[in-house]
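Enquirer: Here you go, one structure.
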Amino acid sequence: MDTRWNSGTVTTVAGGRGNGAAWTQMSSSYGLFIDSTFNIYISEYSNCRVTRWANGNTTAGGLVAGGNGCGSALNQLYNPWGIYLNGNKTLFVADYSNHRIQKWVYGATTGVVVAGESSVAGSFSYQLNSPTSITFDQYSNMYVLDTNNNRIQRWAPGATYGITVVSASMSTPLGLKFDFSGNLYVADYNNHRIASFKIYCPQPTNRVCGTSYWNGTLTTIAGTLSSSGTSATLLSSPYSVFLDGLNRTYVVDTGNNRIQRFSSGSTIGTTVAGWYTSPGSTIGQFSTPTAVYVDVNGSIYVVDSGNYRVMLFIYENDYTMGAQVQKWYLNEPFGRTIIGGQGNGITLNKISTTYAFYVDSQTNIYVSEYGNNRVTFWIAGNTTAGKLVAGGNGGGTAANQVYSPWGIYVNVNDTLFIVEYSAHRVSKWLKNATIGTLVAGQSGVSGPWAYLFTNPTALAFDQYGYMYVMDTGNKRIQRWWPGASYGTTVASSTTMNRPYGLSISTTGNLVVADTSNHRVISFAAVCPAPPNQVCATAIWNSTFSLAAGTGTAGSTATLLYNSYDVFIDGWQSIYVVDNYNNRVQKYLAGSNIGTTVAGLSFTFGVTPTAGSAPPQLNSPTGIFVDLTGIIYVADYNNYRIQKWLPGYPFGSTVAGGRGLGTTLDKLGGVQAIYVDAQSNIYVSDYTNHRVSLWAAGNTTAGKVVAGTSNGVAGSGINQLNGPWGIFVTSNGTLYIVDQNNHRVQRWLRNATSGSTVAGQSGVAGAFSYQLRSPTSITVDQYGYMYVLDSGNKRIQRWWPGSTYAASTTTTALPATQPPNQVCATAQWNATFTIIGGTTGTFGNTTSRLRLPYDVFVDGYGNTYVADYSNNRIQRFSTGSVNATTVAGDPTSGSGYSQLYLPTAVFLNANRTLYILDSGNYRVQKWLYGEPLGFTVAAGYGSGSTSNKISTSYGLFVDRQSNIYIADTANHRVVFWQAGNTTSGRVVAGGNGASIGANQLYNPRGIFVDSMSALYIADYSNHRVQKWLSGASTGITVAGDSSGASGQMVYQLTNPTAVSVDQYSNIYVLDSGNRRIQKWEPGSTFGITVVYEPSLISPLGMRFGSTGNLVVADTSQQRVVSFGVYCREYSSSSPPVTTTTPKPLTQIPNQICSSPSWSSTFTTVAGTGIIGTSANTLYNPFSIYIDGLDTIYIADYNNNRVQKFVSGSNVGIQVAGFGTTAGSTGVYLNKPTAVSVNSNNVIYILDSLNYRVQQ
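According to the numbering used here, the sequence shown is numbered sequentially starting from 5.
This is how it looks when you write it as C-alpha cells:
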C-alpha cells in the first residue's frame, strides 16, 4: 500500500497535547473534515467549537464556529458532531445537543439554523433529534443522519422541513457517507455494523429511441377487458394515466372515484388517493376524477372534475417497499384543495368540467377547462384565482377560441399545446398570445386521413419534439413531426373503446387509458438500429441466403421480375423495386411474402400495369424510405419521383413528371434517389448525366448539384457519365456512382467539381483499385464506402483516403477506437497471460520469438511484435499462439522486403505498419497486406547529421503521420514530418549524454500526446522527461530528477517504455525494477500497478484494446499481458487484485436528480456482533468511502481503522496496533473519525489522545 500510515510514517498533525480548551489542544471530538488543500477541520464536542488547523501547521488551530461556551445562541454550539465544508468554505455543523444544523459562512461570527428547531428535539419533518452526521449532493441538498429518530433526512436548499429518505431499524447510527454510486452508508454504532441503503434512480419519462416504432399487439397492464369493478385488479372507466420514473402506472379510476397505482409488472393496484369508491366532496373523496400528475417527490395532483377542483396529496417516496408512505402535511392526510373547489362557474376563481391539466417544473398548474372552453393558469401557491391563457371566447374554431379542450402540454418556453376535442385539432398558443395556431388536424373537420383527427383527447411529446396525439375517434395514436402537415399512425387497435388517456413510459412504451373497456393498455416500443451501422470488426459471408424472390420471374406475392433496387428500414423490413411488375414490394423481417406498397392495380388481385396515373408506376428503378415510413420511388419511364404515404393507395409527384427533358423542371431516366433528414430529394438523373436537388416542398424545379446542366456526358472532374447510385452524408457531401466512368465521385456541398474516391476514371478493370460499371453505394458510420461493383460481381469496401478497396468477405475493419483508453477504476492483475513466445526458449517458428523488443496492440487485440533477432514483425491474433509474419524476410538485409534488428513497431488506424529498422538505421512503412516496405525516415546509414539516425529504440507516429524516433545512441529524439524523407529535426536532447534539463542519456520509449507533448523514457538517467512542443528543455515527470536509480516509489531504474492514458496518467515500464509504475499528473511518486519478478529485461509496453498492459519480456523470449479489472459499482464480488490504486479524483456525492433509497439495507461490514476479528467491529463510529468504494471505518472500541475493499466482508487493519489502546507510535485510543485524501493519506481523529493522526 502507498498510504502513509502503512508505509510507517505516522505524524500528529493536530492536537496531541492533552485534553483542553487552549488553541494548541483539543477536547473529546467526533467530527473531522479535510478540505481540498488538506486543511483540517475538527468538531470539538466537549469544547463546543469547530477549529481549523492549516495544512502544515501542527502548533495551533483557529476558531471557525462556536467557541462561546455551550449554548443555543446563534454564536454558540452545543456538542457539535459531524461537519461538512463546501466549495465556498461555508461550514455546516451537526449541532448535536441543539438538535439543529448550523451554517457558518466563511469568516462569520454567528451561524444560521438551516435544519431542525433550536433546542427542540422531535420527530416531525421540521425537527431533528440529536443529529450526528451531514453530507451534501451536487444539487446542494443536505442529508442529515437524525440519530435518535433512526432516519436520514434530505433538506432542499432553503427548505423549512426535511424529507425522510431512509428510516430503518438502527441503534445509535453515527456516521453517514455516500458511495460513488449514490448509495447511503451508515455506521450503525451499537449494532456493530455498516449498513448500506441502495439508491434507486427513476428514469426520465417521455423518452423514446430515435428509430422507435410500436408493436401492434397491445398488452393489458391494468384492469380487465370489458370488466368493471372495485377490486384491486379491476377498474371502472379509467380516464387518464400517468407513469413515473420507475415505470409505475397511476390510473385515474374515474368510475370508482379513486387513484390506483400499479407497480411495474403487477396487475394489482394500490389506492393512493380517493379512499371511498362512492362520490363525494369531503376530504378523502372524489367525484368523477379525470386526471392525475405525480411529481418527483411522489406528491400527487388530481383533477376532481365533479367537485370542480384540483387536489394535492403530499407523499414521501419509498420505491422499494411497494408502498408510498403518506406524509401528514399541515394535518391534511387526505389532500387539500389547491385550485377551485367553489363550484362550477366561469369566474376565474372557479373551474368547470375538466379532463386534463399540466403541472410545470415550478409547480404552476395549467387547467384545461372543457366546460368553459378555456385554459387557465394558476401560479404555484395561489389558490385564489387563475389567469386566462387560451380561449375563453366561447366554443368554436376561430383562432382566439378553443372548443372542448382536453389534453394539454406546456414546453420549456411556456408554449401551450391544446387538444381540442370538438374542433378535431391541436392548437399552439405562445406565451401571452391571444390567438392560437393550428399545428395538427383540420379545424372543425373530422376524418380518418393522416391529416385529420376525430375527437382527440390527449397528447404527449418526446425528447425530440415529436407530438403524439390520442386520436380517440379513430382509435389510433398519431405522431406528428414538428411542422408536419400530417401524422403517422404509430399505434392503433380496433378493440379500443373510447381511449381517453395517453402517457409514454420510461422505456418508450405508449400507455393508453382504454376508458370504456375498463383497462389500461400498453403498446411496446421497439428500437431498431439506425441505418448503415456495422460492427467495427465486420466481415461478411461469401455464401448468401435469399431474402426475397425465388430466382424465378413472376408476379405473385412471393415472386419478383427484375428486382432493381432494395431498401431496408430500421425494422428490417425489405422494400424491393419490382421493375417489370411496376410495383414496390415490402417484405416484413423474416417473411418471403411481399405486400405491394406502391404501384397498385386498378383491379384487385391483378398485377399492376404500367401507367402514369397516381396509383401507377412505369418501370420503377430506385427507392428510398424515410424514418416515418414514407416511400419515395424513381418512376423511370414517367420521368418523375413519386411519394407514397404509408397505407395510401396512390402516390404524389414530388419531382419531375413533366416528361423527358434536360431543363431543370424535367428529369430523364432516373436510376437512384436519396432523401436527406430535411426531406430534400437528390435525384441521380442517369440519362441527363447529372444529380439534381429538389428542395423539400418544391415540386417546380431542381438545381444541379453534380454534373452539368446541359445533359452532356463526360469524364472531366465537373462531369458525369451515367450516374447511378448516390449517398449523401449529414454534412451534405455527395457520393456518386459514375457508372460509365467506372468510378465513384465525391462532391462537397456547393462544389462545382468532384474528386475520384474509388475506381480509375474511364478505365474498367478487376484490380482492387478498379471498378467495372458500378451501380450502387452506401457508407457506414466509420466513413467506409461500400460499392456494388456490378461488372465484377462483387462488393468493394473503400477506406477513407484509400487508393484501393478491400474485399468485404475476407478482412475486418481497422481499429477506430482511440488507443490508451482505460477505465477510471482500472486495476491490473499480477498474474499474466503469455500471448506470444515461450518462456525462456527462443526460436524462429511461428510460435517462438527471439528477443522481442517492442509490442503494439490494435483495436481487435491483435498483437504486433518486433522480433528483434529474427528480423521480422510477427502478428499474434487474439487467442492464437501461432503468429503470422507481416513484415520482414527469413534473412536479415536492407532490401524492401527485409529488416535488420527491428526494435520498435507502430500501427496506425489504417493498419499501416511503421517499423524502426534499427540495424539499417531507418524507419520502414508497410501498407496493409503488401509484401514490401518503403523508407519514410533516415536510411542513410548511422550518423548524427539531420538525415541520419544511429542505434534507436523508440518510435511514435502521430495522427498526422509525423514520425518521432528515439535516437538512442545520439541521445536525442528526432522528428520527421510526414512526407519528408530527406531529413529530420531534433525535438529533444541532442546536447550530449548527461542529466541536464536539455539533455538525454540513452532515450528509449517515447509517447506523444494530443497536444504534441513528448514523453521520453530517459533510460540511463532513470527518469521520464516531458518536452512540450517547441521547448528547448524537458521537465522530469517520473523518477528522481537527480538521475539516481532505485526501487523507492519516487525512483526508477532503467525505464524503457512510457505511455499516457486519457486521464494524463503516465505509465512507465520500470525495467530494472521489473514493474510498471503509474504516475498521476503532478505526482512526486508512482504507484506500482504491476510487479512481476519473473520479467527479465522487459523493453516494450503498450495498452491492449481493453486496457490490459502488454509487455515485451525481452530476455524471456515472450510477450505477456496483465489483465485489467474495471470495478463496476453493481459488482458484489470483484476479483482479487494485487494492487491498491489511489482513490479516484472524480467528484464525490454525485447522485441522480430524483433519487430514492431502499428502507431495507445490506450489511457491508461487521456482523452485528461485537468482535475483534477481521470481519467484526466494535462500535463503529465513522466511515469514509474512497473513489473505488473502499470503506474505511473508525472502529472505536477496537482502537483501529479497518479497510473493507468493495464487495468484501473481511477488513484489513490500516491504522492502530491490534486492538490495544495507546498513545505512542502507531497506537490509537478510541478513534472517532477517519478521512483519506487524494494521495491515499489517512487522517484519523484519535479522540482520547486528543489529536489528529496522519
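Beta carbons are placed, not taken as given, at the ideal position from N, Cα and C, and that holds for glycine.
1. With DSSP run on the structure shown, which of helix, strand or coil describes L506?
2. So, helix, strand or coil for A617, using DSSP?
3. Does L563 come out as helix, strand or coil in the three-state DSSP assignment?
4. Pair every Cβ in the stretch 719-726 with every Cβ in the stretch 686-704, then say whether three or more of these pairs are closer than 8 Å.
5. When the Cα of D1044 is compared with those of V1028, Y413, F37, Q346, which residue comes out closest?
6. Strictly by DSSP, which residues pair up with F731?
7. Can you tell me which residues form a DSSP beta bridge with D1261?
8. So, is K797 buried or exposed, given that buried needs 16 or more other C-beta atoms within 10 angstroms?
9. Would you call the CB atoms of L738 and A699 closer than 8 Å?
10. Would you tell me roughly how many angstroms separate the C-alpha atoms of G706 and Q682, rounded to the nearest one?
11. Roughly how many whole angstroms lie between the Cα atoms of G448 and G477?
12. So if DSSP puts T139 in a beta bridge, which residue, or which two residues, is it bridged to?
13. Report all residues from its chain with a CB closer than 6 Å to the CB of K391; omit the five preceding and five following residues, and keep chain order.
14. Check whether the Cβ atoms of T613 and N586 sit closer than 8 Å, and answer yes or no.
15. Pull the bridge partners of I1189 from the DSSP assignment, please.
16. Cβ atoms of N261 and G278: under 8 Å apart, would you say?
17. Can you have a look at N251 and say buried or exposed, based on whether 16 or more other CB atoms are within 10 angstroms of its CB?
18. What did DSSP end up calling T476 once you bin it into helix, strand or coil?
19. Near G1172, what residues of its chain come up, given a Cβ to Cβ distance below 7 Å and the 5 sequence neighbours on each side ignored?
20. Hey, could you find the ends of the beta strand (DSSP E) S696 is sitting in?
21. Measuring alpha carbon to alpha carbon, tell me which of G512, S507, P503, K479 ends up nearest S497.
22. If distances are taken between C-alpha atoms only, which option among Q675, L89, S1239 comes closest to Y1261?
23. Select from L855, G883, G863 the residue whose C-alpha is nearest the C-alpha of I1262.
24. With 16 as the cutoff for other CB atoms within 10 Å, does Q1154 come out buried or exposed?
25. Helix, strand or coil for G310 per DSSP?
26. Tell me whether the beta-carbon of V1123 lies closer than 8 Å to the beta-carbon of V885.
27. Please report the distance separating the alpha-carbon of G672 from that of I730.
28. May I ask which residues mark the beginning and end of the beta strand (DSSP E) holding I839?
29. What is the DSSP secondary structure of N874, counted as helix, strand or coil?
30. What is the DSSP secondary structure of T357, counted as helix, strand or coil?
31. Could you give the distance in angstroms between the alpha-carbon of D39 and the alpha-carbon of L89?
32. Is the stretch 398-412 in contact with the stretch 422-439, if contact means three or more CB pairs nearer than 8 Å?
33. Near Q825, which residues of its chain fall below 6 Å by C-beta distance, leaving aside the five closest residues on each side in sequence?
34. Going by DSSP in three states, Y1019 sits in which element: helix, strand or coil?
35. Could you tell me which uninterrupted beta strand (DSSP E) segments, each at least 3 residues in length, are contained entirely in the stretch 77-161, listed from first to last along the chain?
36. With distances taken from CA atoms, which of Y45, I156, S520 is nearest G233?
Expert: Answer, in terms of the structure:
1. Here L506 carries a strand assignment [DSSP, helix/strand/coil].
2. A617 falls in the coil class under three-state DSSP.
3. Reduced to three states, the DSSP call for L563 is coil.
4. Proximity of the stretch 719-726 to the stretch 686-704 meets the contact definition, three or more beta-carbon pairs being nearer than 8 Å.
5. The residue among V1028, Y413, F37, Q346 with its C-alpha nearest the C-alpha of D1044 is V1028.
6. Bridge partners of F731: Y739.
7. With the chain represented from 5 up to 1258, any question about residue 1261 goes unanswered, as that position is not in the structure.
8. The C-beta of K797 has fewer than 16 other C-beta atoms within 10 Å across all chains shown, which makes the residue exposed.
9. No, Cβ-Cβ distance for L738 and A699 is not below 8 Å.
10. Going from the Cα of G706 to the Cα of Q682 covers about 15 Å.
11. One Cα belongs to G448, the other to G477, and the distance between them is close to 14 Å.
12. In the DSSP output, where bridge partners are listed per residue, T139 has Y147.
13. Excluding sequence positions up to five before and after K391, its CB lies within less than 6 Å of the CB of F381, all in the same chain and listed in chain order.
14. With respect to N586, T613 sits close: the two C-beta atoms are nearer than 8 Å.
15. In DSSP, I1189 forms a bridge with I1195.
16. Yes. Within cutoff.
17. Burial call: buried.
18. Here T476 sits in helix by DSSP.
19. Cβ contact annotation for G1172 (same chain, cutoff 7 Å, sequence separation greater than five): N195, H196, R197, in chain order.
20. 694-698 is the span of the beta strand (DSSP E), which, as asked, contains S696.
21. The shortest CA-to-CA distance from S497 to any of G512, S507, P503, K479 is the one to K479.
22. Because the chain spans 5 through 1258 in this model, residue 1261 falls outside it and cannot be assessed.
23. With the chain covering only 5 through 1258, there is no way to say anything about residue 1262.
24. Classification for Q1154: exposed.
25. Helix, per DSSP.
26. No, the pair does not count as a contact, with Cβ atoms beyond the cut-off.
27. G672 and I730 have their C-alpha atoms spaced approximately 16 Å apart.
28. Where I839 is concerned, the enclosing beta strand (DSSP E) stretches over 830-841.
29. The answer is helix: DSSP assigns N874 an H, G or I state.
30. Reduced to three states, the DSSP call for T357 is coil.
31. One C-alpha to the other measures close to 7 Å.
32. Judged by Cβ distances under 8 Å, the stretch 398-412 makes contact with the stretch 422-439, as three or more pairs qualify.
33. Setting aside the 5 residues that flank it on each side, Q825 is surrounded in the same chain by Q1066, each with a C-beta closer than 6 Å to its C-beta; the list follows chain order.
34. Y1019: strand per DSSP, three-state reduction.
35. Listed in chain order, the complete beta strand (DSSP E) runs (minimum 3 residues) inside the stretch 77-161 are 84-89, 95-99, 104-108, 116-120, 135-140, 146-150, 155-159.
36. Of the listed residues, the one whose Cα sits closest to G233 is S520.
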